[in-house]
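Input: a single structure, listed below in structure tokens.
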Amino acid sequence: QVQLVESGGGLVQPGGSLRLSCAASGIIFSMSAMAWYRQAPGKEREFVASISRNGVSSITYSVKGRFTISRDNAKNTVYLQMNSLKPEDTAVYSCTTRSTGSGPYDIWGQGTQVTVSS
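Using my numbering, the first residue of the sequence shown is number 120, and each one after it goes up by one.
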């Protein structure tokens with residue numbers, strides 16, 4: 120059974136940093152593309168970042184230069200390093216992967232809350 124477990128969320132002041140982790144099990148992690156999405160209250164879920172099995176990353180424009188996605192295949196874990204956080208980054212952050220190589224992102228973790236507030 121595939122399981123994605125996020126951690127690392129919390130309350131941080133504007134300008135602060137957090138590192139989110141997503142531990143995966145039940146998949147061949149090294150062969151899996153991974154991604155982070157977020158959903159703010161009253162808004163639709165939006166793409167944040169992705170990383171291919173080869174380590175090629177993509178970052179959405181609104182967080183480019185502040186957020187970095189990385190992966191550790193030895194630990195079956197994907198990370199989202201978030202720096203210079205802004206109140207508008209407040210959301211539930213979820214990691215996701217695909218059940219098939221070229222299909223949609225359809226396996227989701229439970230999410231972790233990130234709140235940026237003074």
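Virtual Cβ for every residue (Gly too), placed ideally from N, Cα, C.
Asked, Found
"Using a threshold of 8 Å, state whether the C-beta atoms of L259 and Y180 are closer than that.", "Given that the chain is displayed from residue 120 to residue 237, the structure contains no residue 259 and the question cannot be resolved."
"Should the stretch 203 to 217 be regarded as contacting the stretch 226 to 236, the criterion being three or more beta carbon pairs within less than 8 Å?", "yes"
"Quick one: any contact between the stretch 156 to 170 and the stretch 131 to 148, if contact means 3 or more CB pairs under 8 Å?", "no"
"Can you tell me whether A193 is buried or exposed, with buried defined as 16 or more other CB within 10 angstroms of its CB?", "exposed"
"Considering only their Cβ atoms, is the gap separating T216 from G127 smaller than 8 Å?", "no"
"Check whether the Cβ atoms of L123 and G228 lie closer than 8 Å to each other.", "yes"
"Taking 8 Å as the cut-off, decide whether the C-beta atoms of R190 and I170 are in contact.", "yes"
"I think M153 touches V197, with their Cβ atoms under 8 Å apart; what is that distance to the nearest whole Å?", "4 Å"
"For the beta strand (DSSP E) containing F186, name the first residue and the last one.", "186 to 191"
"Rounded to the nearest angstrom, what separates V121 and W155 at their Cα positions?", "17 Å"
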